[in-house]
Structure formats: structure tokens, C-alpha cells
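Participant:
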Amino acid sequence: MEIVLSAVGVIALILLVLGLGVWVFSGLAIVALLSLIVIGDVSMDRAGAILSRILFRSANSWELSAIPLFILMGELIFRSNISDRLFRGLEPWTKKIPGGILHTNVFGCALFAAVSGSSAATTATVGKITTTELKKRGYDRSLSIGSLAGAGSLGLLIPPSLVMIVYGIQSEVSISKLFMAGVLPGILIATLYSGYIVIRALLNPSLCPPEKSETAGKLESIFLLLPVISLIVIVMGAIYSGIATPSEAAAVGVFATLVILIKERQLSFKMIQEAMIATLLSSTMVCSILVSAALLSTAMGFLHLPSELASYIASLNLSPSLLLLALAVFYVILGLFLDGISITVMSLPITLPIVILAGFDPIWFGIFLVILIELGQITPPVGFNLFVLQGLTGEKIGQVAKSAFPFFILMCVAAFILCLFPEIALWLPNALSK
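Using our numbering, read the sequence shown as starting at 602 and increasing by one per residue.
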């Protein structure tokens, strides 16, 4: 029971520090230091010596280099007309399906997620085109916003994914295998979303008016989609073929993006400057949180908290199903208040040993965790996709959240299916690693 009280104390300390408005990276460092001093009864000098070594070692991690490169790749694409071409390229393939070009929200986000590692960037990039166009053509506003909110979260699941990189670094599992593991679950969720749109359109055809405008032919649409498809093939092909590590593939992706923008005559000094500034801000935030999380992980390990807590939970003889249910509720609650990267780095030192002790594959759990984090992207009060869509549409945050709720349920269904059939996540990495 003492170890449970210690774990509760650490979690309460984290929530208290963050609740005071302290920046996440500094809050995690403060909690790590206080945990060693207060709970571990370690002197200030010794605690400082322990954490300073970890600070230097984690900040020099080679895997961290993939984060700013993938962010830069997404920022460059965001500032080009590739997203507009993505919409026009998908339109001929979707307008004959029940639900029409509403499916461009789902397919567009799925494709853009494969060249970006961010949920917010995926939502914003696809949404800046589709929200206006769908409104102009008379599509149901709620279904339009909800499908974009749900599909935008695929930016975290379909590789490359920043959260997967963070998880891979912390859990010390192969980032390449995590990327492979995210493909089929991402397709599963996209299929559920499109299936829901089809059912709603069949039940109420007025939600999706028939298309009257002329669109590009299917052959022409392939040329419109060529930049995005090329980037997907280049980045994912480099990783899955074994030619490049995720960090190296990120550099290849940035180079390929620059070549495409030069060929399309869209690259400018202003675009590079804006993309570099946005990348610097985002990657500094992510990497500083990761380094601080390493401090917290070290403090938890020094206190033997994860291993002792794992042993305690094992002694309760919870079934694997109940353990997953408890963790799912825990992560959904965290998702109400924190972003995905913060959730991952703060919780993993405690939850991962428990999950491994229960016999779950850490790669499978990584995908399960990402889906639970995705749920937090579309739940108030801190659902980042909701805020992005509020800015794009001008709707109240409550209305945006209401529109996203059916897709929240569908994502819960996907998580349940993944628990029943773990091979959905594990088959591809196992097959490609043979």
C-alpha cells in the first residue's frame, strides 16, 4: 500500500505543478527533483548530480533528430498548395460514394498523415480547404466538422508519427516497427469513419447533396496526388526497405519536399523562414518535454516505483482485460487535460512495466496508447483538434465537440477491435522483419 501512496503522491504532484500553470518541461523536472528529495530522501547535491548526467545523455539522443525534421516537412507542405491539390485529386474518387466529397476529409487526412507527424497539422492543412468547400456545396455542417475532427487525429497513428517517436525513445523499442504497426490500425479507423459517413448519407440523403460541379478526371487526379504519394513512397519506402533509419528517412523526406516545391516553383525564402521558425518553436517544445521526461523516468526508477507498482498490481490478480480497461479510462481522463506527448512522457515510466509484466507486447501497447491519445484530441477542454476546427469554422467549441462525438465512439470501437485482434497491429511489423 505504501508504494501505491507514493505513486498517487507523484501523480498528484504532477497535476499540482501543471495546474499552477508551470510549463510542462519545467514542471516535469521539478517533480523529478522533488520526488528524489521528498520521497527518496536524497540530498539536494546527490539529486542534482543524478539528474544532470541524465539531462546530458537524453539531450544527445540521436533519435531526437527525427522530430524537428518531420515537423519541418509538415510545415513546408502546409505552406504550399499541395493540400489544395490533395482535395482536388481525391474529389473524382469520392463523389460517387454515398457521402460524396465528405470522404475527402477522411482520405485526405489519412494521406497527409503519412507525410506529417502531427494531428493538429493534419487537421489544419486539410481543414483549411475542405471546411470552406463543403459548406459552399451544402454538405451537413456537423458531419463535415465531426469527420474532420476524427480523421485529423490520424496524424498521430499513421506513420510518421511524433508520438510514436516519443514512445519508441522512452520504451526503447524499434521506431520502424512502431511505424509499421500503425498502418493497419490507421486504415481500420479510416474505414470505420468512411463507413459511418456512408450509413448517414444513405439514411438521410439531404446531408450530402448530389455533386453538380465538374471535377478533374481520374487520370488527371493522379497527377494532382502525385506530390503526396511520392513523399509517402520515399519516406516509408526508405524506412521499410531498411535503407534508412527513421531519423535518416526524415532528412530524406525534407530533401524530397524541397525538390518537389522547387519543381512546382513554390519554394521561396519567406516560406523557408516561416517553416523554420514554426519548426524551431514546435521541436523545442517537444524535445524539452522529452528531456524532462527522462529526468522523471530516472527519478521513478531510482525510487523503484514502476517495478514495485507493477508487482503490487500483479498481486491484485487483475485479468488482462480489466487492466486494459483501467488503463484506457486512465488515459482518456488524462486526455481531457493534457496533450499526447505530455501524456506519454509522464505516464509511461509507471504504466509500461505493468503492461509488460501482464504479457502485452510493447509495440502493440504503443499503438493502443496512441489510439487512446487520439481520443484526447477530440475531447474538451483540451482537445487540440477541436480548437483548430473552432478557428477554421468559427463555431463554438461545444458545437465542434458535439459534432466530433460520433467519431470519438468509433475510435473507442477501433480500440476494442484492436484488443480482440492484436495481430492487426503486429502482423505487418512481424511480416516485414522476417
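Ideal Cβ placement from N, Cα and C applies to all residues, glycine included.
#1: Does the separation of the CB atoms of M674 and V784 fall below 8 Å?
#2: Helix, strand or coil for S580, going by three-state DSSP, please let me know.
#3: Leaving aside the five residues before and after P810 along the sequence, list all residues of the same chain whose C-beta is less than 6 Å from its C-beta, in chain order.
#4: Comparing the C-beta of A959 with each C-beta of chain C, is any distance below 8 Å?
#5: Using a 10 Å radius around the Cβ and a threshold of 16 neighbouring Cβ atoms, would you call N706 buried or exposed?
#6: In or out: N805 buried (at least 16 other Cβ within 10 Å) or exposed?
#7: Taking 8 Å as the threshold, find out whether the stretch 727 to 746 comes into contact with the stretch 994 to 1003 through three or more Cβ pairs.
#8: Which two residues bound the contiguous alpha helix (DSSP H) that contains Y740?
#9: Going by DSSP in three states, F626 sits in which element: helix, strand or coil?
#10: Taking C-beta to C-beta, are I998 and L987 nearer than 8 Å?
#11: In whole angstroms, what is the alpha-carbon distance linking F626 and T885?
#12: Which two residues bound the contiguous alpha helix (DSSP H) that contains T945?
#13: Taking the straight line between their C-alpha atoms, what separation do you get for T899 and L665?
#14: Which residue comes first and which comes last in the alpha helix (DSSP H) that contains V639?
#15: How many angstroms separate the CA atom of E676 from the CA atom of I861?
#16: Would the stretch 773 to 792 count as touching the stretch 861 to 870 if we require 3 or more Cβ pairs under 8 Å?
Facilitator: Taking the structure as given:
#1: For this step, residue 674 is matched to residue 73 along the sequence shown. For this step, residue 784 is matched to residue 183 along the sequence shown. It is not a contact, given that the beta carbons lie outside the stated cut-off.
#2: Outside the displayed range of the chain (602 to 1035) lies residue 580, so it cannot be described from this structure.
#3: Position 209 of the sequence shown, counting from 1, holds the residue named residue 810. Closer than 6 Å at the Cβ level, and outside the excluded window around P810, lie G739.
#4: Within the model displayed, chain C is absent; a lone protein chain is all it includes.
#5: By one-based count along the sequence shown, residue 706 stands at place 105. It counts as buried.
#6: On the sequence shown, position 204 is the one that residue 805 refers to. It counts as exposed.
#7: yes
#8: Here residue 740 is taken as the residue at index 139 of the sequence shown, counted from 1. Taken as a continuous stretch (DSSP letters only), Y740 belongs to no alpha helix (DSSP H), as it is neither H nor E.
#9: Position 25 of the sequence shown, counting from 1, holds the residue named residue 626. Three-state result, F626: helix.
#10: Locating residue 998 in the sequence shown gives position 397, where the first residue counts as 1. Locating residue 987 in the sequence shown gives position 386, where the first residue counts as 1. Against a cut-off of 8 Å, the Cβ pair of L987 and I998 comes out as a contact.
#11: For the purposes of this step, residue 626 is identified with residue 25 of the sequence shown, where counting begins at 1. For the purposes of this step, residue 885 is identified with residue 284 of the sequence shown, where counting begins at 1. Roughly 10 Å separates the two Cα atoms.
#12: In the sequence shown, counting from the first residue as 1, residue 945 sits at position 344. It spans G941 to L958 - the alpha helix (DSSP H) in which T945 sits, taken as one unbroken run.
#13: Here residue 899 corresponds to residue number 298 of the sequence shown, with the count starting at 1. Here residue 665 corresponds to residue number 64 of the sequence shown, with the count starting at 1. Each residue's alpha carbon lies about 18 Å from the other.
#14: Sequence index remark: in the sequence shown, residue 639 carries index 38 (1-based). Per DSSP, V639 belongs to no alpha helix (DSSP H) and is neither H nor E.
#15: As a first step, residue 676 is located in the sequence shown; it is residue number 75 there, counting from the start. As a first step, residue 861 is located in the sequence shown; it is residue number 260 there, counting from the start. In a straight line, the C-alpha of E676 is about 14 Å away from that of I861.
#16: no
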